[in-house]
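>
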Amino acid sequence: MKFLRNRIRFFRPDGTRGDSPSCGSILIAFGENNAEILKNCDIAGKYVRINYNDKKDE
Numbered sequence: 003m004k005f006l007r008n009r010i011r012f013f014r015p016d017g018t019r020g021d022s023p024s025c026g027s028i029l030i031a032f033g034e035n036n037a038e039i040l041k042n043c044d045i046a047g048k049y050v051r052i053n054y055n056d057k058k059d060e
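FYI, the working numbering numbers position 7 of the sequence shown as 9, with every residue one higher than the one before it.
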């Protein structure tokens, strides 16, 4: 997960810049390759890795 320093901004259908949401923005990566890309990208924010155990209960 990457907690973004700034909030995302939306664009209206006509292409003009809209508002941003009132809450913070987070990007979430699915898969190891995507997690590495998110970790190393130039988007300002804080990257946090959450360990996931994909082994089924034995």
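Yeah, the Cβ is synthetic: ideal placement off N, Cα and C, and Gly gets one too. Owing to the predicted nature of the structure, the values given are computational and were not obtained by experimental measurement.
1) Among K41, G26 and C25, which residue has its Cα nearest to the Cα of F32?
2) In the DSSP assignment, find the alpha helix (DSSP H) that holds N8 and state where it starts and stops.
3) To the nearest angstrom, how far is it from the Cα of T34 to the Cα of D44?
4) For I10, which residues from the same chain have a beta carbon less than 8 Å from its beta carbon, with the 5 sequence-adjacent residues on both sides left out?
5) On the three-state DSSP scale, how would you describe I39?
If we stick to the structure as given:
1) Position 30 of the sequence shown, counted from the start, is the residue given in the question as residue 32. Selected option, being the one with the closest Cα: K41.
2) Looking up residue 8 in the sequence shown gives position 6. Counting along the chain, N8 sits inside no alpha helix (DSSP H), nor does DSSP assign it H or E at all.
3) If you number the sequence shown from 1, residue 34 lands on position 32. If you number the sequence shown from 1, residue 44 lands on position 42. The amino acid at residue 34 is misidentified as Thr; the sequence shows Glu. One C-alpha to the other measures close to 18 Å.
4) Translated into positions along the sequence shown, residue 10 becomes position 8. These residues qualify, in order along the chain: S22, P23 and S27.
5) As a position in the sequence shown, residue 39 is number 37, starting the count at 1. Per DSSP, reduced to three states, the secondary structure at I39 is helical.
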